[in-house]
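Keeping their order, the protein sequence lines are chains Y and Z. First residue of the first sequence? That's 425 in this note's numbering, and the numbers climb one at a time after it. First residue of the second sequence? That's 725 in this note's numbering, and the numbers climb one at a time after it. Single-structure report; data block below.
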Amino acid sequence: MGKYLRKKLIIYIITFILAVTINFIIPRMMPGDPIQSLLSRFSGMEGGREILQDQLTLLFNLDQPLWEQYLNFWKSVFTLDFGISIIQFPTPVIDIIKRAIVYDLAVLFPAIILSWIVGNKLGAYSGTDKKVDNASMPFFYFLASSPYFWMAGIVVFFFGVVIGWFPISGAYSSTASPAFTWNFIADFLHHWFLPFFTMFLVQLGGWAIGMRNMIMYEKSSNYSKYMETLGASKKLIRRYGFRNGVLPQVTGLALRIGRIVGGAITVQVVFNYPGLGRMMLDAVQNQDYFLMQGVFLTIVTMVLAANFIVDIVYMFIDPRVRLSFTEEV
Amino acid sequence: MAKDFWAKHENLYYALTNKKVIFGLTIVAFVFLLAAFGPMIAQYEYDEYAGQGYLPPSSEHFFGTTIDGKDVFTRTVNGLRSTLLVGAIAGSIATLIGCIIGFVAGYYGGTIFDELLMMLTNIFVVMPQLALLIVIAAFLEVRGTFVMAVIVASTAWPWTARAVRSQTLSLKNQEYVSLSRISSISVGRILREDIASNMFSYVFMVFIQQFNGTMLATVQLEFLGLGPTKGISLGLVMQNAVNWNGIQLGMWWWAIIPGLILTILITALYFINTGLDAAFNPRLREM
């Protein structure tokens, strides 16, 4: 257990260091003068001058040697001081992130878990039934091929415009204010459903295809054939195949989280849903680099944490992992 | 004569007679032709006022018009061309990088060199692709087709490297590879002649998958307004549609058709891939 987790942890730590370093290097490498553009953007704001001064010393410190700049940059990462946002001046970036991350988790967590479970079940069925397979596979391939934002467009068009069951923009009605009342929660869920459903649909295809291929593979293995000659029912064979096939699907989850989070960024744009993705795009469009860097680092951290959780889960459901990891050629 | 040819290229024969491959190839050919010749058929410039706005598809405007009277067909085929080009270049670069790293890491499997390469790969595997691309693209003020392709490829290669590595690991202990090794043939030649040439069909399928992935990544960036700075792209067409509330106004031809073409293309490529899998893999062929 030690070696497996240690190896993974090292990867995650390096990735995190790399992400921070990217944040540090990119503004310094880019053509143009970020300081000049910052100066002009802060100049009209009240108290802008002092805040700007702090920001610049904190994040650039161009008069210091590079390594000292880098060290200071790290200090600001650990104190969660990502600076002040320009779009929502003078809110600290960390406050904006704290507010937005709730919406990401509310959509992503259920969408990932549910699509994984449902997709695996559906895939297992089409893997054992030729008729179901022929009918459903093109559909699953189509789902897996859709860009997230495009699927969001379709979902909005059908459920929001044609049928008109769901609101198509925002996280709650403009008249409601966040509170722990039934009305607000119902309103929130009403707005939450379509972004969730979009994320659910696109991922569903991928999981179903993956499990279907795994079941096909397991079905051709000797133990399945032996079971078949013993007269075991299709259902029983499927159940055994499923248990073997589910392991690579868990690893697949770890591999795909990055992509899924990326898709969520575009989906939030379509739904005008105030999560991290929407914030990031706003930041990019308004050249709010502090906010953009803060959100980037948050997303990386989220993905790394999710990967780590998957690793731990995997260890529990497959004890062989330790052996395979140390004995790999 | 023809019989000799097919006997020699048995794999190709099975590939081209597979129903899924034929079906997929037909669609892919159609979409490629659309991208190649569509801009010539189109009677307008993509940015030109082409007539009344808010028109649904008709024989005059195949895909209708946008809210400000631009021809959606013209925009779509021009955008398709741009997106396919970026996707194809990025897919090629990503496949190339992935294969080189995979071959080398696999050949030196188990050494510290392999460990380092795999560590690099695993770092890029967990790095959230689109978020990284946004940060890079946001700071580049001018983005041409090739720059776009390089940006997209830089985050697309890792899974190829892993897949190719594991294939190489299984090939490198074959007898003919050992024979080459004891004949003191250079590593480059062994990789090229003994390993890469035996994985040609596999690498081809990897390329198709990369192409799919890079097109999706490209179109997502374009949708966020971070595509090529000049010209039109599929993602940009749909970004305009969303920004102008095209969906709310029920203009499905504007917001949905451009993406539908791309999605159908990617689905068709998936079909080709599963068909090829069955054709190249004799065990699946008998089914």
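Note that CB positions come from ideal geometry on N, CA and C, so glycine has one too. Note that the structure is a prediction, hence the values are computed from the model and not measured.
Review point. Which residues of chain Y have a Cβ atom closer than 7 angstroms to the Cβ of residue 846 of chain Z, listed in chain order?
Key: Residue numbering aside, residue 846 of chain Z sits at position 122 when the second sequence is read from its first letter. Ordered by position in chain Y, the residues that pass the 7 angstroms Cβ test against residue 846 of chain Z are 435.
Point to revise | CB contact below 7 angstroms: residue 571 of chain Y versus chain Z | key: For the purposes of this step, residue 571 of chain Y is taken as the residue at position 147 of the first sequence. So yes, residue 571 of chain Y belongs to the interface.
Check your understanding: Going by the CB atoms, is the gap between residue 748 of chain Z and residue 996 of chain Z shorter than 7 angstroms?
Key -> Counting from 1 along the second sequence, the entry for residue 996 of chain Z is found at position 272. Counting from 1 along the second sequence, the entry for residue 748 of chain Z is found at position 24. Taking 7 angstroms as the Cβ cut-off, residue 996 of chain Z and residue 748 of chain Z qualify as a contacting pair.
Practice item. Count the CB pairs spanning the segment 542-553 of chain Y and the segment 945-954 of chain Z that are closer than 8 angstroms, and state whether there are at least three. Key: By the C-beta criterion, the segment 542-553 of chain Y is judged not to be in contact with the segment 945-954 of chain Z, since fewer than 3 inter-stretch pairs fall below 8 angstroms.
**Study point:** Limits of the alpha helix (DSSP H) - the one that residue 916 of chain Z falls within
**Key:** In the second sequence, the residue the question calls residue 916 of chain Z occupies position 192. From DSSP, residue 916 of chain Z is part of no alpha helix (DSSP H); its letter is neither H nor E.
Check your understanding: residue 724 of chain Y: beta carbon under 6 angstroms from a heavy atom of the ligand NAD?
Key -> Questions concerning the ligand NAD fall outside what the structure shown contains, since it holds no ligand whatsoever.
Exercise for review: Reducing DSSP to helix, strand and coil, say where residue 441 of chain Y ends up.
Suggested key: The residue labelled residue 441 of chain Y in the question sits at position 17 within the first sequence. Here residue 441 of chain Y sits in helix by DSSP.
Point to revise | Buried/exposed call for residue 575 of chain Y, threshold 16 Cβ in 10 Å | key: For the purposes of this step, residue 575 of chain Y is identified with residue 151 of the first sequence, where counting begins at 1. Around the beta carbon of residue 575 of chain Y, 16 or more other beta carbons lie within 10 angstroms, which makes this residue buried.
Point to revise | Candidates Z:918, Z:773, Z:975: closest to residue 891 of chain Z by CA position | key: Looking up residue 891 of chain Z in the second sequence gives position 167. Distance from the Cα of residue 891 of chain Z is smallest, within the candidate group Z:918, Z:773, Z:975, for Z:918.
Exercise for review: Note down, in chain order, each residue of its chain lying with its Cβ closer than 6 angstroms to the Cβ of residue 666 of chain Y, except the 5 sequence neighbours on either side.
Suggested key: For the purposes of this step, residue 666 of chain Y is taken as residue 242 along the first sequence, with counting starting at 1. The residues are 548.
Exercise for review: Taking the CB atoms as reference points, tell me whether residue 938 of chain Z and residue 815 of chain Z lie closer together than 7 angstroms.
Suggested key: Position 214 of the second sequence holds residue 938 of chain Z. Position 91 of the second sequence holds residue 815 of chain Z. It is a contact, given that the beta carbons lie within the stated cut-off.
Check your understanding: Among Y:661, Y:515, Y:628, Y:655, which residue has its Cα nearest to the Cα of residue 396 of chain Y?
Key -> Outside the shown range of chain Y (425 to 753) lies residue 396 of chain Y, about which nothing can therefore be said.
Check your understanding: Within 10 angstroms of its Cβ, does residue 936 of chain Z collect 16 or more other Cβ (buried), or is it exposed?
Key -> Position 212 of the second sequence, counting from 1, holds the residue named residue 936 of chain Z. Taking all protein chains shown into account, residue 936 of chain Z has 16 or more neighbouring C-beta atoms within 10 Å of its C-beta and is therefore buried.
Review point. In chain order, what residues of the same chain have a beta carbon less than 7 angstroms from the beta carbon of residue 542 of chain Y, not counting five sequence neighbours either side?
Key: As a first step, residue 542 of chain Y is located in the first sequence; it is residue number 118 there, counting from the start. Around residue 542 of chain Y: 628.
Point to revise | Coil, strand or helix - residue 987 of chain Z by DSSP | key: Within the second sequence, residue 987 of chain Z is the residue found at index 263, counting from 1. DSSP, reduced to helix, strand and coil, places residue 987 of chain Z within a helical segment of the structure shown.
Review point. Are the segment 767-787 of chain Z and the segment 909-927 of chain Z in contact at 8 angstroms, needing three or more beta carbon pairs?
Key: Between the segment 767-787 of chain Z and the segment 909-927 of chain Z, the count of Cβ pairs shorter than 8 angstroms is below three; the stretches do not touch.
Check your understanding: If you pair each beta-carbon of the segment 806-822 of chain Z with each one of the segment 872-885 of chain Z, do three or more pairs fall below 8 angstroms?
Key -> Segments in contact, yes.
Exercise for review: Locate the alpha helix (DSSP H) running through residue 615 of chain Y, then write down its first and last residues.
Suggested key: Working through the first sequence from its first residue, we reach residue 615 of chain Y at position 191. Unbroken alpha helix (DSSP H) run through residue 615 of chain Y: 606-643.
Review point. Span of the alpha helix (DSSP H) holding residue 555 of chain Y?
Key: By 1-based counting over the first sequence, the position of residue 555 of chain Y is 131. Element bounds for residue 555 of chain Y: 554-569.
Review point. Who are the Cβ neighbours of residue 1003 of chain Z in its own chain at under 6 angstroms, not counting the five residues just before and after it?
Key: Sequence index remark: in the second sequence, residue 1003 of chain Z carries index 279 (1-based). Hits under 6 angstroms: 738, 739, 742.
Check your understanding: Does the segment 533-540 of chain Y touch the segment 956-975 of chain Z, meaning 3 or more C-beta pairs lie closer than 8 angstroms?
Key -> When Cβ pairs closer than 8 angstroms are counted between the two stretches, the segment 956-975 of chain Z is seen not to touch the segment 533-540 of chain Y, the count staying below three.
Check your understanding: What's the call for residue 853 of chain Z, buried or exposed, on a 16-neighbour Cβ count within 10 Å?
Key -> As a first step, residue 853 of chain Z must be located in the second sequence, where it is residue number 129. With 16 or more other Cβ atoms within 10 Å, it is buried.
Review point. In terms of alpha-carbon separation, which member of Z:842, Z:916, Z:866, Z:835 lies closest to residue 881 of chain Z?
Key: The sequence position of residue 881 of chain Z within the second sequence is 157, counting from 1. The candidate whose alpha carbon is nearest that of residue 881 of chain Z is Z:842.
Exercise for review: Give the residues of chain Z in contact with residue 622 of chain Y, contact being defined as C-beta atoms less than 8 angstroms apart.
Suggested key: For the purposes of this step, residue 622 of chain Y is taken as residue 198 along the first sequence, with counting starting at 1. Result: empty, since nearest Cβ-Cβ is about 13 angstroms, beyond 8 angstroms.
Practice item. Find out if the Cβ-Cβ distance for the pair residue 845 of chain Z, residue 905 of chain Z is shorter than 7 angstroms. Key: Against the second sequence, residue 845 of chain Z aligns to sequence position 121. Against the second sequence, residue 905 of chain Z aligns to sequence position 181. The answer is no: Cβ separation not under 7 angstroms.
Practice item. Please decide whether residue 930 of chain Z counts as near chain Y, where near means a Cβ-Cβ distance under 7 angstroms. Key: The residue you call residue 930 of chain Z lines up with position 206 of the second sequence. No, because no Cβ of chain Y sits closer than 7 angstroms to the Cβ of residue 930 of chain Z.
Practice item. Could you name the residues of chain Z that residue 577 of chain Y contacts, counting a contact when the two beta carbons are closer than 8 angstroms? Key: For the purposes of this step, residue 577 of chain Y is taken as the residue at position 153 of the first sequence. Within 8 angstroms of the CB of residue 577 of chain Y, the CB atoms of chain Z belong to 962, 965, 966, 971, 979, 980, 983, in sequence order along the chain.
Review point. Using the beta-carbon count (16 or more within 10 Å), is residue 728 of chain Z buried or exposed?
Key: Here the question's residue 728 of chain Z lines up with position 4 in the second sequence. By the neighbour-count rule (16 or more Cβ atoms within 10 Å), residue 728 of chain Z is not buried but exposed.
Exercise for review: Tell me where the alpha helix (DSSP H) around residue 799 of chain Z begins and ends.
Suggested key: Here residue 799 of chain Z is taken as the residue at index 75 of the second sequence, counted from 1. Residue range 796-831 is occupied by the alpha helix (DSSP H) that includes residue 799 of chain Z.
Check your understanding: When Cβ atoms are compared, which residues of the segment 627-656 of chain Y fall closer than 7 angstroms to chain Z?
Key -> Of all residues in the segment 627-656 of chain Y, none has a Cβ within less than 7 angstroms of some Cβ in chain Z.
Check your understanding: Going along the chain, which residues of its own chain have a beta-carbon closer than 8 angstroms to the beta-carbon of residue 440 of chain Y, five neighbours each way excluded?
Key -> On the first sequence, position 16 is the one that residue 440 of chain Y refers to. Its chain contains 724, 725, 728 as the residues whose beta carbon lies nearer than 8 angstroms to that of residue 440 of chain Y, once the 5 sequence neighbours on both sides are disregarded; these appear in chain order.
Point to revise | chain Z contacts made by the segment 707-731 of chain Y, where a contact means CB separation under 9 angstroms | key: Listed in sequence order: 707, 708, 709, 711, 713, 716, 717, 719, 720, 723, 724, 726, 727, 728, 731.
Exercise for review: Can you say whether residue 731 of chain Y is buried or exposed, counting buried as having 16 or more other CB atoms within 10 angstroms of its CB?
Suggested key: Residue numbering aside, residue 731 of chain Y sits at position 307 when the first sequence is read from its first letter. Buried, since its Cβ has 16 or more Cβ neighbours within 10 Å.
Check your understanding: Three-state secondary structure (DSSP) at residue 508 of chain Y?
Key -> Residue numbering aside, residue 508 of chain Y sits at position 84 when the first sequence is read from its first letter. If DSSP states are grouped into helix, strand and coil, residue 508 of chain Y belongs with the strands.
Point to revise | Cross-chain neighbours of residue 704 of chain Y in chain Z, by beta carbon under 8 angstroms | key: The residue you call residue 704 of chain Y lines up with position 280 of the first sequence. The contacting residues are 855, 858.
Review point. So which residues of chain Y does residue 766 of chain Z contact, with C-beta pairs closer than 7 angstroms?
Key: Here residue 766 of chain Z refers to the residue found at position 42 when the second sequence is read from its first residue. Within 7 angstroms of the CB of residue 766 of chain Z, no CB atom of chain Y is found; the nearest one sits about 22 angstroms away.
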